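Going by this note's numbering, the first residue of the sequence shown is number 441, and it counts up by one from there.
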Amino acid sequence: SGISQYSSTTKNFIWIPLNYRFNFKHNFYFKSGVVALMDLSKKDSYFRKYSGLGIGVSGGKGFEIAANQSIEISPYFNFHSLINFENHPYRMLDLGVQLA
């Protein structure tokens, strides 16, 4: 059988979320929306840097620590480039926990 060939590249992305937040009892919430992905490593104009649209979901809980001060913990899932603006085969999946 053949030898697989690999290549590597460095990309710098920024993702821009547009979410809607649903608040529930006891400071629980759920967020969902659209995620735009911008490739900062491209030398194109500002609008040509956008490489696709994806979806994002998260849920979390807020904790009040003092008057007018709170901390939120929120696991999230983003699937980037679900709708791809470019001709490339890759997609990105982003999982994590946000502390705000």
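No residue lacks a Cβ here, since even glycine has one placed at the ideal position from N, Cα and C. The structure displayed is predicted, hence computed values, not measured ones.
Contact check, residue i vs residue j, beta carbons under 8 Å
| i | j | result |
| --- | --- | --- |
| Leu477 | Gly500 | no |
| Ile513 | Leu539 | yes |
| Gly494 | His466 | no |
| Asn463 | Ser472 | no |
Backbone CA spacing between residue i and residue j [nearest angstrom]
| i | j | result |
| --- | --- | --- |
| Leu522 | Gly496 | 11 Å |
| Pro457 | Leu480 | 16 Å |
| Ala507 | Leu533 | 37 Å |
| Ser498 | Phe470 | 6 Å |
| Ile454 | Pro515 | 19 Å |
| Asn452 | Gln445 | 23 Å |
| Glu504 | Lys483 | 44 Å |
| Thr450 | Glu526 | 17 Å |
| Ser448 | Arg531 | 15 Å |
| Gly461 | Gly502 | First, the residue type needs correcting, since residue 461 is Arg and not Gly in the sequence shown. Approximately 13 Å between the Cα atoms of the pair. |
Residue nearest to residue i in terms of C-alpha spacing, selected from the options
| i | options | result |
| --- | --- | --- |
| Ser510 | Tyr460, Phe468, Thr449, Tyr446 | Phe468 |
| Asn524 | Ser444, Val475, Thr450 | Val475 |
| Phe517 | Glu526, Val537, Phe503 | Val537 |
Bridge partners - residue i, DSSP secondary structure assignment
| i | result |
| --- | --- |
| Phe517 | Val497, Leu535 |
| Phe464 | For Phe464, which the question treats as bridged, DSSP gives no partner whatsoever. |
| Gln445 | Answer is none; Gln445 lacks a bridge partner. |
| Ser472 | Tyr460, Val497 |
| Leu477 | Trp455, Gly492 |
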